[in-house]
Each structure stands twice: as structure tokens, then as C-alpha cells.
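Following: one structure in C-alpha cells, then a few remarks.
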Amino acid sequence: MDHFTNPRNVGIIENPDGYGKVGNPVCGDLMEMYIKVENDVIKDIKFKTFGCGSAIATSSMVTEIAMGKTVDEALKITRNDVANELDGLPPQKMHCSNLAADALYEAIKDYKNKKKK
Ligand code: FES
13 MDHFTNPRNV GIIENPDGYG KVGNPVCGDL MEMYIKVEND VIKDIKFKTF
63 GCGSAIATSS MVTEIAMGKT VDEALKITRN DVANELDGLP PQKMHCSNLA
113 ADALYEAIKD YKNKKKK
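First residue of the sequence shown? That's 13 in this note's numbering, and the numbers climb one at a time after it.
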């Protein structure tokens with residue numbers, strides 16, 4: 013699996029338009045997601061995680077799916093989409109893939125909150 017060995021969009025964005033951070037209740041790993049948004053379209057997205065290989069692969073996947081989408085489209089990316097894109101993850105690894113989607117939701121929520129101000 014390419015996303016394991018060659019993850020995309022790892023890093024951080026300075027002054028992001030949205031930032032999300034979630035902890036995994038199952039294993040305690042952390043995921044941070046940064047987005048840059050222009051006219052409601054995700055122009056750039058980066059993540060940083062202390063999670064396992066599955067978490068890294070799914071985040072890489074999520075960032076690729078979300079890039080270029082509007083924030084509302086990106087909100088529709090579900091945990092299952094992610095697992096499907098990765099050809100299904102073993103059930104004991106599902107919580108790892110949830111981390112990426114959840115962090116993305118948080119980042120988008122953050123963006124929307126900021127916009128309201
Ligand atoms: Fe912690 Fe996968 S074991 S994110």
C-alpha cells in the first residue's frame with residue numbers, strides 16, 4: 013500500500029484557516045489536521061500524527077480525497093469511504109482510520125466558526 017510507505021501531505025500549515033485535533037480514545041494517539049480554504053474550497057491540507065501506520069495511511073488518503081473539494085463536500089467524506097479507498101482495513105484498525113476523518117471534521121468546524129466572526 014502506497015499510502016503507508018509514501019504518505020502525502022504530511023506537515024503543518026502556518027496560519028491555517030481551520031485546525032482540528034483529535035485524540036484516539038482507543039489507543040491514545042493524536043491527530044492534527046490543518047486546512048487552507050479559499051472561497052470555501054480546500055486549497056491545501058496537511059496532517060501530523062503520532063498514530064500508527066494505519067492512521068498515517070488513512071490521513072494521507074483523507075487529505076487526498078479532501079483536496080480541491082468544498083468544505084461541505086469534504087464533510088461528507090465518511091469513515092467508510094476512507095476504509096473503502098484503502099481496500100478495507102482490518103476491523104481492529106478501523107479506529108485508526110476514524111481519527112483522520114474526525115480531525116478533518118474538526119478542522120472544517122473550526123474554519124466555519126472563524127468565518128462567522
Ligand atoms: Fe493508534 Fe492506530 S493504533 S491510531
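Using N, Cα and C, we set each Cβ at its ideal position, and we do this for glycine too.
Contact between the stretch 51 to 66 and the stretch 18 to 30 is established, with three or more Cβ pairs separated by less than 8 Å. For I89, the secondary structure class from DSSP, reduced to helix, strand or coil, is coil.
Excluding its 5 nearest sequence neighbours in each direction, Y117 has C-beta neighbours in its own chain below 8 Å: G32 and L87, listed in chain order. Under the three-state reduction of DSSP output, D84 falls in the helix class. Going by C-alpha positions, K129 is about 16 Å away from A119. Straight-line measurement puts the Cα of K124 at about 32 Å from the Cα of P103. CA-to-CA, the gap between E50 and C39 works out to about 35 Å.
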